[in-house]
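Chains as they are written, first to last, in the numbering used here: chain A, 18 to 213; chain B, 12 to 240.
Just so it is clear, CB atoms sit at the ideal spot from N, CA and C, and this is done for glycine as well.
All values reported here derive from a predicted model rather than from experimental measurement.
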Amino acid sequence: MAVSALRVIAGGRAGEKDPGPLRVRSDAGLLAELYEKHAAAVYGRCRYLLRDEEGAKDALQEVFAKALRALPEFRQAASPTTWILRIATHHCLNELRARRAAWRDQLAELAKDRRNEVEPPERRALVRALLSAAPAEAQEVAVLYFVDELTQAEIAQATGRSLPTVRKRLRDFLAAARAALAEALPGIALPEGDEP
Amino acid sequence: MMVDLGGPGTACSAMRVRRLAAGELQGADRERTQQHVDGCARCQAVLRELAGERARLARDVPFDAFAAKVAEKLAHAQRPPRFARWAPIAAAAALLLAVGSTLTLRQSDDGGMRSKGGAAVALFQRSGAEVRAVQGVVGKGPIMVHLESGGHAYAAVVLVEPQESSLLYAGPSRAQLPEAFEWTGTARRATLLTVFADKPLDGETLRRDGAKGAPKGAEVVQVPLERVQ
């Protein structure tokens, strides 16, 4: 193989010791394309998970900075949409863990928002509230399954984990969710069974 | 009251609709999905949600403001000392894969480069027209870092020098880092600290605290490096 291959890098960082802020300006066309294709979905995901306008804006920009830093990986992803939404989900779940989001408070808030006892809580708001009750390693799998609606096999492929691991993490999420509901929203239950 | 948390449908998912809208589906797959979406109330609801997300983005974060903030974050992340000692210069994934499989085995004999749990780190350096495995002594030229994760999903790599540490990578485990590096500092000795874990690693904590910052259950591989004078 030609040694010159060592100089080739997708994203154009070869030979640059300090690309600095100019790198984005030179890649303005690329950034515009990424914004057009993915920014709305990423912003939606950040707003959904963080429930904080300013935090979501900051997270959106952070996710794209991460994507640009990992541009070769991003471009090679089988599904760039899945890839960047996973980055966004990771980022927001980390933020929530850092904030120590309390699931009891979120479920209490959901209970308050219900207009009456026969109206079920909004499905995705309930998933979000239950995330912080679940183990950290089950949270991303729960978002991929209940929000992005990927199958277990698709989650295994997207995350590089085995199917049994994905199943186990979904079961962990459901177990934690049931326990949290029993404690904070006893009128609400999830269908029986280990599998969703 | 029973509440269904949802999940994938028989033939549709929110992600599939997103991928269709982003132009990621091709050929028959695209046609089949489009046909399904056209007649599926659930998928139509996702399309309306996507339109709402677009309107919200245009209102809250117009492109110019977005681009400026992203540039600011990139500039901040690339400011020294983070990359002051090892500067990213080039990736050579194909070449690394070609030579890595044979050279890694030899390096695995070195106890300092493989952890008890099976994770390992191998370094390669280009020197003139050759690529060689680095056995602790580093010369001039790009260094490529090859990781064997031992089944761990995440990895972080930090160059620890006597006076300063630089975070080279933190993210999903991968066979090789996306960039090669050149050791540009002045210290003669350093340690390449690599941490493998099952959950995302906080690179900044590892940069600050070294191996002590590794979370419980993580595997740590430390490769001592010495620069050729």
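List the endpoints of the continuous beta strand (DSSP E) containing residue i.
i, result
"Leu158/B", "Ile154 to Glu159"
"Phe192/B", "Phe192 to Trp194"
"Tyr165/B", "Tyr165 to Val171"
"Val145/B", "Run containing Val145/B: none; DSSP gives neither H nor E here."
"Ala197/B", "Here the sequence assigns Thr to residue 197/B, which means Ala is not the residue at that position. Looking at the DSSP string, Thr197/B is not in any beta strand (DSSP E), and its letter there is neither H nor E."
"Leu212/B", "Element bounds for Leu212/B: n/a, residue is neither H nor E."
"Ala181/B", "Ser176 to Pro183"
So is residue i in contact with chain B if we call contact Cβ pairs under 8 Å?
i, result
"Gly72/A", "no"
"Val41/A", "Confidence is the limiting factor: at Val41/A the pLDDT is only 36, short of 50, which leaves the residue's position unreliable, though a coordinate-based value still follows. Chain B, which has a Cβ nearer than 8 Å to the Cβ of Val41/A, makes this yes."
"Asp165/A", "yes"
"Val144/A", "yes"
"Leu207/A", "yes"
"Leu203/A", "Inspection of the sequence shows that residue 203/A is occupied by Pro rather than by Leu. False, the Cβ-Cβ gap to chain B never drops below 8 Å."
"Glu79/A", "yes"
"Leu85/A", "yes"
"Pro293/A", "Look at the range of chain A in this structure, 18 to 213, and you will see that residue 293/A is not part of it."
"Arg178/A", "yes"
"Arg140/A", "yes"
"Leu48/A", "yes"
"Glu154/A", "yes"
"Ser149/A", "no"
"Ala58/A", "yes"
"Arg195/A", "no"
"Thr106/A", "no"
"Gly210/A", "no"
"Lys54/A", "yes"
"Ala82/A", "yes"
I want to see whether chain A comes within less than 8 Å of residue i, judged by CB atoms only; does it?
i, result
"Asp220/B", "no"
"Ala39/B", "no"
"Lys84/B", "yes"
"Pro235/B", "no"
"Gly50/B", "no"
"Glu20/B", "Note that residue 20/B is Gly in the sequence shown here, rather than Glu. Yes, contact with chain A."
"Lys80/B", "yes"
"Glu230/B", "no"
"Gln118/B", "Any reading at Gln118/B needs caution, since the residue's pLDDT is 31, under 50, leaving its predicted position unreliable; the model's value is listed next. Taking Cβ atoms only, chain A never reaches closer than 8 Å to Gln118/B, which makes this a no."
"Arg65/B", "yes"
"Gly182/B", "yes"
"Ser24/B", "yes"
"Ala209/B", "Residue identity differs from the one stated: residue 209/B is Asp in this sequence, not Ala. Chain A, which has a Cβ nearer than 8 Å to the Cβ of Asp209/B, makes this yes."
"Val72/B", "yes"
"Val14/B", "yes"
"Gly123/B", "With a pLDDT of only 36 at Gly123/B, under the threshold of 50, the placement of this residue in the model should not be trusted, and no figure is reported."
"Ala33/B", "yes"
"Leu58/B", "no"
"Arg43/B", "no"
"Leu204/B", "no"
"Arg29/B", "yes"
"Phe77/B", "yes"
"Leu61/B", "yes"
"Thr115/B", "Note on Thr115/B: pLDDT 28, under 50, position unreliable in the model; the coordinate value appears next. Thr115/B does not count as touching chain A."
"Leu158/B", "no"
"Gly17/B", "yes"
"Leu68/B", "yes"
Mind checking which residues open and close the alpha helix (DSSP H) that includes residue i?
i, result
"Arg103/A", "Pro97 to Arg116"
"Ala82/A", "Glu70 to Arg86"
"Glu230/B", "Here Glu230/B belongs to no alpha helix (DSSP H); instead the beta strand (DSSP E) covers Glu230 to Arg238."
"Ala268/B", "Given that chain B is displayed from residue 12 to residue 240, the structure contains no residue 268/B and the question cannot be resolved."
"His47/B", "Gly38 to Asp49"
"Ala62/B", "Ala52 to Asp71"
"Gly162/B", "Run containing Gly162/B: none; DSSP gives neither H nor E here."
"Gly61/A", "Ala57 to Leu67"
Since I believe residue j is in contact with residue i (beta carbons under 8 Å), could you give me their beta-carbon distance rounded to a whole number of angstroms?
i, j, result
"Leu124/A", "Ala197/A", "7 Å"
"Ser35/B", "Ser96/A", "It should be noted that the sequence gives Glu, not Ser, for residue 35/B. Contact holds; Cβ gap of about 6 Å."
"Ala58/A", "Thr98/A", "7 Å"
"Tyr65/A", "Arg141/A", "7 Å"
"Glu230/B", "His163/B", "6 Å"
"Leu158/B", "Val132/B", "6 Å"
"Val48/B", "Leu58/B", "7 Å"
"Ala153/A", "Lys210/B", "6 Å"
"Leu236/B", "Val149/B", "5 Å"
So does residue i have its beta carbon nearer than 7 Å to some heavy atom of the ligand NAP?
i, result
"Tyr52/A", "The model depicted lacks the ligand NAP and carries no ligand whatsoever."
Taking Cβ-Cβ distances shorter than 8 Å, what residues in chain D pair up with residue i?
i, result
"Ala164/B", "Here chain D cannot be found, since the structure's protein chains are A and B."
(Q) Would you call the segment 76-84 of chain A in contact with the segment 105-112 of chain A, where contact means no fewer than 3 C-beta pairs closer than 8 Å? (A) Below 8 Å, enough C-beta pairs join the segment 76-84 of chain A and the segment 105-112 of chain A to call them touching: three or more.
Q.
Report the start-end ranges of each alpha helix (DSSP H) in the segment 139-210 of chain A that is 4 residues or longer and not cut off at the edges.
A. The alpha helix (DSSP H) runs of length 4 or more contained entirely in the segment 139-210 of chain A are, from start to end of the chain, 140-148, 153-159, 169-176 and 180-201.
**Q.** Validate contact between the segment 186-197 of chain A and the segment 42-52 of chain B using beta carbons, cut 8 Å, 3 pairs
**A.** At 8 Å Cβ cutoff, the stretches do not touch.
Q: Check whether the segment 147-156 of chain A touches the segment 164-175 of chain A, taking contact to mean three or more Cβ pairs, one atom from each stretch, closer than 8 Å.
A: Verdict: no, contact absent.
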